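Down below is the structure, laid out as structure tokens.
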Amino acid sequence: MTEIGKNAFANCQNLKTIELPSSLIEIGSTAFTGCSSLESIIIPDSVKSVGDNAFLRCVKLREATFSGDELTIGTQIFESCDNVKVMARKNTSAHKYALENNYKFVELK
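Sequential numbering from 0 applies to the sequence shown in numbering that gives the first Met the number 0.
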């Protein structure tokens, strides 16, 4: 699997965790929107694009780990995810996104 399409898991309210395959390249817009029980996500380094509002209203999302360094991140991917912390290496796309959008940031070594 190389892509999770738009709205693929939208409103899956019982989804708490998900393991994304290392073959994944793209997470589509609103792919996980409304997954109100989702607590954490690890985005593998193979992912090159995360679409707009991908995790919109994932209100229990606490950790989003970005394994890769460079990817395109859409707008408001964590909208209404008030307690999310972005975990990534410094000076990466995810680090920049966290700073620009005032999300908590934890540096991965």
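Don't be surprised by glycine CBs; every beta carbon is placed ideally from N, CA and C. A quick note: this is a predicted structure, and the numbers were derived from the prediction, not measured.
query, result
"Could you tell me which uninterrupted alpha helix (DSSP H) segments, each at least 4 residues in length, are contained entirely in the stretch 66-96, listed from first to last along the chain?", "none"
"GLU99 by DSSP, collapsed to three states: which one?", "helix"
"What first and last residue would you give for the beta strand (DSSP E) that runs through SER36?", "Where SER36 is concerned, there is no enclosing beta strand (DSSP E), given that its DSSP letter is neither H nor E."
"My output table needs one value for ALA26: the three-state DSSP class, helix, strand or coil.", "The sequence given here places Ile at residue 26; Ala does not occur at that position. DSSP places ILE26 in strand when its eight states are reduced to three."
"For MET86, count neighbouring Cβ atoms within 10 angstroms of its own Cβ and tell me buried if that reaches 16, exposed if not.", "buried"
"Buried or exposed for GLY27, going by 16 or more other Cβ atoms inside 10 Å?", "buried"
"Should VAL46 go down as buried or exposed, given a rule of 16 or more other Cβ atoms within 10 Å for buried?", "buried"
"Please report how far the alpha carbon of GLU62 lies from the alpha carbon of ASP51, in whole angstroms.", "18 Å"
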